[in-house]
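When we follow this note's numbering, the leftmost residue of the sequence shown carries the number -1, and every step to the right adds one. The C-beta atom is built at its ideal place from N, Cα and C for all residues, glycine as well. Presented below is the structure to which this report refers.
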Amino acid sequence: MANWQRKAHQYLLEGNYTEAAKIYEQAIEAEPSVKSHYWHLGLMFLLQGQETEAQTTWLVAMAEGGSEQLDLWTAELMQVLQTEAIRRADLADYLTAWTIRQHMKQIAPTDINNLLHIIQVSIKLETFQIEDINALGIIDLLLHTEESALDSHLLLQCIKNILAYEQPLKNIDEDSKHSYLDEESVVDKLLKEIYIENKYCVDIGASDGITMSNTYFLYRRGWSGLAVECDSIKFTKLAYAHRDSVNVDLAKCLVTPDNIVNILNSHQVPKKIGFLSLDIDGYDYFVLDKVLSSFRPSIVCVEINESIPPPLKFTVKWDKNYFWEENHFFGQSISQLNILCERYEYALVELHYNNAFLIPKEITNKPSLTPEQAYKKGYLDRDDRKQKFPWNADMEDIHSLSPQEALEYLNNFFSQYEGKFICTI
């Protein structure tokens, strides 16, 4: 392997596809007749999400080939893509593996082994449907494929995985609840009490769109909306869940205070959003601040950090490098959220375990609860809270402390995150 090839491969491993593409473009200029340069360049485009550029690169390279040459070049291209698809699957990057194999399917639609791999990856992504077997034409191909061309071990493994697979999206009960703690019942109750100008919802941190969703029941009622999710696997499930929805826009991106308004505007979200659900397990306070500065949702459902009682005003600071470590260091306390309620004239009408519900004061007669009232009724005094939130057991002592003692307790508890959060009384 030449030095430039090693460098390009290293860029690939590092995820620096732009630099790798530059190297292959230079290689094509130096050796325009070497087709493998085109195969790898197209792959770099594909990994950057530039699918049209990838296909164009491959087609240009094959434009003047005869039938025998085309067969040879196709086999070479398939091998390049196969190698990367296998590597991605080994890394558990199933979405990228699935994308690559979909392009392999376009190049060689009757490659039975690739189709079996598509089934395998779909099962990993939990997007597999039994109808996919017929849609891919697998049964017919199995009947007409020579035994020597079939990976029998792959076929056997695929059959085992299909039989063991519990299809998560089949037979969805129209009357079943989908939100984690039945938040949709609270939303439904509030919808009956106020006038909603736009039946449009925004779900930031939408996950797979069904499991623990606060908005799925609204889409089933004909609402329009925007669902935003940054996790690749969850977004794949989200896209599959809404594959037939013409009224639901999807956005795969990491939401920040700097980009949220642009995201909403780019999807032509109405200023008076009917329902906003926000749950990103991080700097929710700063994202909500930006949303409320430009939009006026009729109902807001936003997660709080239920382990931190009033009057403590706590929030994780906005930091582009922040990620939730699945511990208590996330989000905002209810007293911190109340700052936004006062700033933007929203009534805190209910706390449902760890989700606060806000309504603009001009459209509701419901009294605005104090953080203490909401927290006591909506979380602290609930008989089942310890059962539903067992992970908060190590924070129980904070409820017996004075505000000043609780402040000192929390600062000590989060000492490893010094400088990364705000906490006051």
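Less than 7 Å between the C-beta atoms of Ile306 and Leu335, yes or no?
In the sequence shown, counting from the first residue as 1, residue 306 sits at position 308. In the sequence shown, counting from the first residue as 1, residue 335 sits at position 337. No, the pair does not count as a contact, with Cβ atoms beyond the cut-off.
Which term fits Lys288, buried or exposed, when burial requires 16 or more other beta carbons within 10 angstroms of its beta carbon?
By one-based count along the sequence shown, residue 288 stands at place 290. Burial call: buried.
Going by the beta-carbon positions, is the gap between Trp316 and Phe284 smaller than 7 Å?
Here residue 316 refers to the residue found at position 318 of the sequence shown. Here residue 284 refers to the residue found at position 286 of the sequence shown. Yes.
When the distance is taken between beta carbons, is Tyr217 closer than 7 Å to Val431?
Here the chain has residues from -1 to 423 only, and residue 431 is not among them.
Taking only the alpha-carbon atoms, compute the straight-line gap between Asp88 and Glu82 and give it to the nearest angstrom.
Counted from its first residue, the sequence shown places residue 88 at position 90. Counted from its first residue, the sequence shown places residue 82 at position 84. In a straight line, the C-alpha of Asp88 is about 10 Å away from that of Glu82.
Using a Cβ-Cβ cutoff of less than 6 Å, which residues in the same chain neighbour Leu262 once the five nearest sequence positions on both sides are dropped?
For the purposes of this step, residue 262 is taken as the residue at position 264 of the sequence shown. Within the same chain, Leu262 has no close Cβ partners at all.
Measure the C-alpha to C-alpha separation of Leu447 and Lys418 and round it to an integer number of angstroms.
Here the chain has residues from -1 to 423 only, and residue 447 is not among them.
Quick check on Gly40: does DSSP put it in helix, strand or coil?
For the purposes of this step, residue 40 is identified with residue 42 of the sequence shown, where counting begins at 1. Helix at Gly40.
Return the residue from the list Leu114, Arg86, Pro295 that minimises the CA-CA distance to Glu195.
As a working mapping, residue 195 is identified with position 197 in the sequence shown. It is Pro295.
By the 10 Å Cβ neighbour count, where 16 or more other Cβ atoms means buried, how is Ile170 classified, buried or exposed?
What you label residue 170 is simply residue 172 of the sequence shown in a count that begins at 1. No answer about Ile170 holds up, because its pLDDT of 44 lies below 50 and its placement is not dependable.
Would you report the Cα separation of Glu27 and Ser34, rounded to the nearest angstrom?
By 1-based counting over the sequence shown, the position of residue 27 is 29. By 1-based counting over the sequence shown, the position of residue 34 is 36. Spanning the two alpha carbons is a distance of roughly 13 Å.
Between which residues of its own chain and Tyr15 is the CB-CB distance below 6 Å, once the five residues before and five after are set aside?
For the purposes of this step, residue 15 is taken as residue 17 along the sequence shown, with counting starting at 1. Within the same chain, Tyr15 has close Cβ partners Met42, Leu45, Gln46.
Rounded to whole angstroms, what's the CA-CA distance from Pro388 to Thr97? Just pull it up for me.
The residue given as residue 388 occupies position 390 in the sequence shown. The residue given as residue 97 occupies position 99 in the sequence shown. For Pro388 and Thr97, the distance between alpha carbons rounds to 39 Å.
For a test of the three-state rule: what should DSSP assign to Met62, helix, strand or coil?
Translated into positions along the sequence shown, residue 62 becomes position 64. Per the sequence shown, the amino acid found at residue 62 is Glu instead of Met. Coil.
Which runs of the alpha helix (DSSP H) at least 4 residues long sit entirely within the region 323 to 362? Give them in chain order.
Taking only runs of at least 4 residues, the alpha helix (DSSP H) segments lying wholly in the region 323 to 362 are 332 to 341.
How is Ala28 classed by DSSP in three states: helix, strand or coil?
As a first step, residue 28 is located in the sequence shown; it is residue number 30 there, counting from the start. Three-state DSSP puts Ala28 in a helix.
Using DSSP with H/G/I as helix, E/B as strand and the rest coil, what is Ser291?
In the sequence shown, counting from the first residue as 1, residue 291 sits at position 293. Correct three-state label for Ser291: helix.
Could you give the C-beta distance for Lys187 and Trp221, rounded to a whole number, given that I count them as a contact under 8 Å?
As a working mapping, residue 187 is identified with position 189 in the sequence shown. As a working mapping, residue 221 is identified with position 223 in the sequence shown. Not really, about 16 Å apart at Cβ, beyond 8 Å.
Have a look at His350 and Asn390 and give me their C-alpha separation to the nearest angstrom.
Within the sequence shown, the letter at position 352 stands for residue 350. Within the sequence shown, the letter at position 392 stands for residue 390. Roughly 16 Å separates the two Cα atoms.
Apply the 10 Å Cβ neighbour rule to Val253 and answer buried if 16 or more other Cβ atoms are within range, or exposed otherwise.
To locate residue 253, count along the sequence shown from 1; it is residue 255. Its Cβ being crowded by 16 or more others within 10 Å, Val253 is buried.
Just verifying my parser: in three-state terms, what is the DSSP assignment at Ala87?
Numbered from its first residue, the sequence shown carries residue 87 at position 89. Residue state, collapsed to three classes: helix.
Give the secondary structure of Glu301 by DSSP, where H, G and I count as helix, E and B as strand, and everything else as coil.
For this step, residue 301 is matched to residue 303 along the sequence shown. Strand, per DSSP.
Classify Ser413 as buried or exposed, calling it buried when 16 or more other Cβ atoms lie within 10 Å of its own Cβ.
In the sequence shown, the residue the question calls residue 413 occupies position 415. So Ser413 ends up on the exposed side.
Quick check: what's the CA-CA separation for Ser366 versus Asn319?
Position 368 of the sequence shown holds residue 366. Position 321 of the sequence shown holds residue 319. Their backbone Cα atoms lie some 35 Å apart in a straight line.
Looking only at DSSP bridge pairs, what is Ser222 linked to?
Counting from 1 along the sequence shown, the entry for residue 222 is found at position 224. Tyr198, per the DSSP bridge assignment.
For Glu12 and Ala18, I'd like the C-alpha separation in whole angstroms.
Start at 1 with the first residue of the sequence shown, and residue 12 comes out as number 14. Start at 1 with the first residue of the sequence shown, and residue 18 comes out as number 20. Roughly 10 Å separates the two Cα atoms.
With a 10 Å radius around its C-beta and 16 neighbouring C-beta atoms as the bar for buried, classify Gln118 as buried or exposed.
The residue given as residue 118 occupies position 120 in the sequence shown. So Gln118 ends up on the buried side.
Taking 8 Å as the cut-off, does the region 140 to 160 touch the region 230 to 241 (at least 3 CB pairs, one atom from each stretch)?
In short, these stretches do not touch, since the Cβ pair count stays below three.
Which residue from Lys122, Gln67, Thr72, Ile357 puts its Cα closest to that of Thr428?
Shown here, the chain extends from -1 to 423; a query on residue 428 therefore has no answer.
Looking only at its own chain, which residues have a Cβ that is under 8 Å from the Cβ of Thr72, when we skip the five neighbours before and after it?
Within the sequence shown, residue 72 is the residue found at index 74, counting from 1. Closer than 8 Å at Cβ, skipping near neighbours: Met60, Ile105, Ala106.
Roughly how many angstroms separate the alpha carbons of Thr422 and Phe328, rounded to a whole number?
Residue numbering aside, residue 422 sits at position 424 when the sequence shown is read from its first letter. Residue numbering aside, residue 328 sits at position 330 when the sequence shown is read from its first letter. Distance between the alpha carbons of Thr422 and Phe328 is about 16 Å.
Using 7 Å as the threshold, is the C-beta distance between Thr143 and Ile110 below it?
To locate residue 143, count along the sequence shown from 1; it is residue 145. To locate residue 110, count along the sequence shown from 1; it is residue 112. Cβ distance < 7 Å, so Thr143 and Ile110 count as in contact.
Let me know if Thr54 comes out buried or exposed under the rule of 16 or more other beta-carbons within 10 Å of its beta-carbon.
Start at 1 with the first residue of the sequence shown, and residue 54 comes out as number 56. Result: exposed.
Anyone know if the C-beta pair for His265 and Leu290 falls short of 7 Å?
Numbered from its first residue, the sequence shown carries residue 265 at position 267. Numbered from its first residue, the sequence shown carries residue 290 at position 292. It is not a contact, given that the beta carbons lie outside the stated cut-off.
In or out: Ala133 buried (at least 16 other Cβ within 10 Å) or exposed?
Indexing the sequence shown from 1 puts residue 133 at position 135. Counting Cβ neighbours within 10 Å, Ala133 comes out exposed, since fewer than 16 surround it.
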